[in-house]
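Each protein sequence line maps, in turn, to chains A and B. Letter 22 of the first sequence, counting from 1, is numbered 22 in our numbering, and no numbers are missing. Just add 164 to the spot in the second sequence (first one is 1) and you have our numbering. The beta-carbon is built from N, C-alpha and C at its ideal position, and this holds for glycine as well. The model shown is predicted, which means the values in this text are computed figures rather than measured ones. Written below as structure tokens is the structure these notes are about.
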Amino acid sequence: MTPVLIVFFVLAALAVLGAVTLIAARHPIHSALALIVVMVALAGLYLLQGAEFVAAVQIIVYGGAIMVLFVFVIMLLNAGEEERTSVSRIARIAGIPLALALSGFLAAAVLRFSQAAPQAPVAASSTRGLSLLLFREFVFPFELTSFLILVAILGALVLAQREN
Amino acid sequence: MNHIIDILLQHSFFVIALVKCALLLFIILTVLAYLSLFERKVLAHIQSRWGPYRVGPHGLLQPLADGLKFLFKEDPMPAGVDRFVFLLAPFLSLALALTSLAVIPFGPEPLRFTILGHTFVTSLGIVDLNIGLLVLFSITALGVYGVALAGWASNSKYPLLGGLRSSAQMMSYELALTMSVVGVILMAGSFNLREIVTAQEGRMFFGLLPRWNIIAGPFPQLIGFFCYFVAAIAETNRAPFDLPEAESELVAGFNTEYASFKFAMFFMGEYANMITVSCLATIMFFGGWTSPFPATWSFTHFIPSAILALLGIFLLIDGIRYETILGKLVLPGVGTVLCVLSGLLLFFAPVNAYIQGPFWFLSKVFVFIFFYVWMRGTLPRFRYDQLMAIGWKILLPLSIANVLLTSLGILKWGLR
């Protein structure tokens, strides 16, 4: 039981708990907070793999920008607590068995392929390696992604403009 | 007993880290309390009055009185609030602000001590991360939640709007904050805060000036420092950018419905953010723990003991003239202790050499905090649309221009 394994289990349990709370919480703000917990737990898992830059950027971008957008929307739309409706009958009968079957299939697939696949090269783990990859080999997708973001900004500008 | 000691020795890394955390927490909480007194005294003297004067000599026990007041006040919870989020928001604000102090290095040399025959070595500063700067920015990014959730959870119009305004302001200035630091990262070549400081060691200009990032290198980071400091003041919601907070003095704001200790947690979090930002400013632009004087001027090593001695003598002379017994006994007592400390420093040269780094670091941080309070007492605050315009239309383009010019400088003249 190495410390790395203990930390992995703690972070993974935190992520799973956050995801379950996300679904099961009645108030949307609680779901958003649970999603933030999931993001931070994932950042911890990235850190455990040695990807320091990705972990920090995960918190800054996902936890600090995207989730803030979610929280703002929930706050401004004043979404109240969800009503308790009756669950559909099929979900009540077949829900948990199907979920267990799905997890079983996923676990079997991961076990089978993790024994065969070699370790991925760690060229992109450090900040320097990541930046070299991003700006030399993958510079064309990088510029295309900036085009995408530009289109989104233009769309937001057009929508937010007041009509003359 | 021996078994416990063996377990502790086996995990000495974690035990030392825990002890350092507890010590830093204790020191920082005391500093926060006395920072509130410092702010009130300085503001008062700017406004030609005295400030807290009666509770203890020169108002020195005022933070204690304030703390007790906050603990014993009634703690109402308004109707219809979401209890979990209402309680979470001040806790999140304070916890994040205190966590960001973990990555700051306070001195260059590690501390070596021996207990029970075992020698331990730890660095001054809790952790030394290769992504220290990024971790600081991620904690700043998460700090927006404390304010936004506080405003929303209060179940009232004015806190909601105040909280939204404040969090929008924090998010806008986060961009300028992170961009203004990129010039420093380019010049130092790392996110590690210790490496950023060690890249600023040495002298330039015929040995007259220190090689601090604000005056040195291929492109002096003056614009970067200006953008960083202004963005930092806006980020910590301090004057002149404190419209969301000032509304709370007049009408409302995100902490309207918070009373007693939760309110105190918000303001401790704000002071802790101030301290973190000042520490970062000294590390990145002013050389951290490096002395402004050349290393050959060894008489400057006596500056800490000189300051301690002067303060001690002043307290001695001033305390005797007090009327109250507390002032007559406590102040000269503290003054004598300070004089003795200064004498001990002169006597034990290794200790004197060791504290030079932390002394310069803490003095520079103190100068920045004084600057913060000075600005609060002097400048009128910005209107909200002026505030957002400054963040997006002035600071962000300036910081991007700083990145461009720094990169051009590095390309043309190379580092150093």
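Mind checking if residue i is an interface residue toward chain A, Cβ cutoff 8 Å exclusive?
i	result
N294 of chain B	yes
G289 of chain B	no
L306 of chain B	yes
A537 of chain B	Strictly speaking, residue 537 of chain B in this sequence is Val, with Ala absent from that position. It does not; no Cβ of chain A falls within 8 Å.
A266 of chain B	no
H167 of chain B	no
L262 of chain B	no
L298 of chain B	yes
Kindly list, in the order they appear in chain A, the residues whose Cβ is closer than 9 Å to that of residue i.
i	result
W316 of chain B	I29, V71, I74, M75
A312 of chain B	V68, V71, F72, M75
V249 of chain B	H27, I29, H30, L33
L207 of chain B	The premise fails here: L207 of chain B is roughly 32 Å from chain A at the closest Cβ pair, so nothing lies under 9 Å.
L474 of chain B	Residues of chain A passing the Cβ test: none, with the nearest at roughly 44 Å.
L124 of chain B	With chain B covering 165 to 580 only, the question about residue 124 of chain B has no answer from this structure.
Cβ of residue i less than 8 Å from any chain B Cβ?
i	result
E83 of chain A	no
A34 of chain A	no
F9 of chain A	no
I153 of chain A	no
A64 of chain A	For clarity, residue 64 of chain A is Gly in the given sequence; the question names Ala instead. True, the Cβ-Cβ gap to chain B drops below 8 Å.
Output, in chain order, the set of chain A residues within a Cβ distance shorter than 8 Å of residue i.
i	result
L324 of chain B	M75
M343 of chain B	Those within 8 Å of M343 of chain B in chain A number zero; the least Cβ separation is about 13 Å.
F301 of chain B	A56, I60
L508 of chain B	The premise fails here: L508 of chain B is roughly 42 Å from chain A at the closest Cβ pair, so nothing lies under 8 Å.
Could you work out which residues of chain A lie near residue i, taking near to mean beta carbons separated by less than 7 Å?
i	result
M448 of chain B	Those do not exist, as M448 of chain B stays about 17 Å from chain A at its closest Cβ, beyond 7 Å.
I335 of chain B	Checking the sequence, you will find Met at residue 335 of chain B rather than Ile. The contacting residues are V68.
Using a cut-off of 9 Å between C-beta atoms, extract the partners of residue i located in chain B.
i	result
G104 of chain A	The contacting residues do not exist; G104 of chain A stays about 34 Å from chain B at best.
G129 of chain A	Neighbours of G129 of chain A on chain B: none; closest Cβ ~13 Å, over 9 Å.
Name the chain B residues that come within less than 7 Å of residue i, Cβ to Cβ?
i	result
E52 of chain A	N294, I295
Need the endpoints of the alpha helix (DSSP H) that residue i sits in, please.
i	result
T85 of chain A	Neither: T85 of chain A is in no alpha helix (DSSP H) and is coded neither H nor E.
A423 of chain B	Looking at the DSSP string, A423 of chain B is not in any alpha helix (DSSP H), and its letter there is neither H nor E.
G452 of chain B	Element bounds for G452 of chain B: n/a, residue is neither H nor E.
H596 of chain B	Because chain B is modelled from 165 through 580, residue 596 of chain B falls outside the range shown and cannot be assessed.
Y337 of chain B	321-344
G578 of chain B	Segment: none, G578 of chain B is in no alpha helix (DSSP H) and carries neither H nor E.
T2 of chain A	First-last for T2 of chain A: undefined, no H or E at that position.
P522 of chain B	520-542
M75 of chain A	67-77
K233 of chain B	226-236
F393 of chain B	386-399
K557 of chain B	Where K557 of chain B is concerned, there is no enclosing alpha helix (DSSP H), given that its DSSP letter is neither H nor E.
What residue range does the beta strand (DSSP E) around residue i cover?
i	result
V285 of chain B	282-286
C275 of chain B	Reading the sequence as shown, one finds Leu at residue 275 of chain B and not Cys. Its beta strand (DSSP E) spans residues 275-279.
Cβ of residue i versus every heavy atom of the ligand SAM: is any distance shorter than 7 Å?
i	result
I29 of chain A	With respect to small molecules bound, the structure shown includes none, and the ligand SAM cannot be examined in it.
> Going along the chain, which residues of the segment 486-505 of chain B sit with their C-beta nearer than 8 Å to a C-beta in chain A?
Replying inline: none
>> Assess contact between the segment 479-492 of chain B and the segment 308-328 of chain B, defined as three or more Cβ pairs (one per stretch) separated by less than 8 Å. Is contact present?
In response: no
>> With three or more C-beta pairs closer than 8 Å as the rule, is the segment 266-275 of chain B touching the segment 435-451 of chain B?
In response: yes
> Is there contact between the segment 522-535 of chain B and the segment 447-463 of chain B, where contact requires at least three CB pairs shorter than 8 Å?
Replying inline: yes
> If you measure beta-carbon to beta-carbon, which residues of the segment 348-361 of chain B are closer than 8 Å to chain A?
Replying inline: F355
> If you measure beta-carbon to beta-carbon, which residues of the segment 229-260 of chain B are closer than 8 Å to chain A?
Replying inline: D246, F248, V249, L252
> Are three or more beta carbon pairs between the segment 531-539 of chain B and the segment 201-208 of chain B nearer than 8 Å?
Replying inline: yes
> Does the segment 26-36 of chain A touch the segment 81-93 of chain A, meaning 3 or more C-beta pairs lie closer than 8 Å?
Replying inline: yes
> With a cut-off of 8 Å, do at least 3 Cβ pairs link the segment 269-284 of chain B to the segment 330-348 of chain B?
Replying inline: no
>> For the structure I just gave you, are there three or more beta carbon pairs, one from the segment 473-480 of chain B and one from the segment 496-508 of chain B, closer than 8 Å?
In response: yes
> If you pair each beta-carbon of the segment 417-433 of chain B with each one of the segment 256-265 of chain B, do three or more pairs fall below 8 Å?
Replying inline: yes
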